[in-house]
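Mapping the sequence shown onto the numbering used here, position 109 (from 1) lands on 1436, and the numbers just tick up by one.
In what follows, a structure is listed as structure tokens, so that the remarks can point back to it.
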Amino acid sequence: MNDWKLPWDGACRCGQVRFTISAAPLLTMACHCRGCQKMSASAYSLSAAIPTQGFAVTQGEPVIGGLHGPSRHYFCPHCKSWMFTRPEGIDQFVNVRPTMLDDASWVAPFVETYTQVRLPGAVTAAKHSYDAFPPFEDYAKLVEEFAKEGARPAR
Ligand SMILES: [Zn+2]
Ligand SMILES: [Zn+2]
């Protein structure tokens, strides 16, 4: 149950920016917030929190987009795909958009956030739902539970 079949490779829509992941995710999430709806051009964004030392860009030069604020949203300079986020004040992990993975077939959100602005029909199979972000004290329990039962690659 602990075989994550690492490393994983991923790329933006056009393939100019590539990355590799060599550490298991801490959590996978779907975020329904208005910012994610706009930046993903979709009903919600998917993310996988990857320990920082287990994430590396291997090709191309991602650029900062989105709000250009304290949380840094990284995009491909050519196709403008939103690829990953370095959240404000957090150095321990990078939020990677797992739909960029070469094999995203196994990706499922374990937690969903900002259901208070969830669009009609935007239903996920996440085990845990939160109106906004989870309270800080819930994260340790969520990470522990995800390590045991979170979805992982089948092959
Ligand atoms: Zn691209
Ligand atoms: Zn969001």
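Just so it is clear, CB atoms sit at the ideal spot from N, CA and C, and this is done for glycine as well.
Because the structure is a prediction, the values reported are computed rather than measured.
{"query": "Near ligand 2, which residues have their beta-carbon less than 6 Å from any of its heavy atoms, given in chain order?", "result": "C1358, C1360, G1362, C1363, S1372, Y1441"}
{"query": "Ends of the beta strand (DSSP E) at S1374?", "result": "1372-1378"}
{"query": "When you measure from the CB of H1400 to every non-hydrogen atom of ligand 1, does any distance come out below 8 Å?", "result": "no"}
{"query": "Let me make sure I understand the geometry here. Which of V1450, A1351, A1368 has the alpha-carbon closest to that of Q1380?", "result": "A1351"}
{"query": "Measure from the alpha carbon of S1411 to the alpha carbon of each residue in T1347, F1473, C1360, then state which is nearest.", "result": "Per the sequence presented here, residue 1411 reads as Phe, with Ser not at that position. Measuring from the Cα of F1411, the nearest candidate turns out to be T1347."}
{"query": "Name, in chain order, the residues that DSSP records as bridge partners for S1456.", "result": "E1439"}
{"query": "For A1435, which residues in the same chain have their Cβ closer than 7 Å to its Cβ, ignoring the five residues on either side in sequence?", "result": "T1355, A1452, A1478"}
{"query": "Examine ligand 1 and report whether any of its heavy atoms sits within less than 8 Å of the Cβ of V1344.", "result": "yes"}
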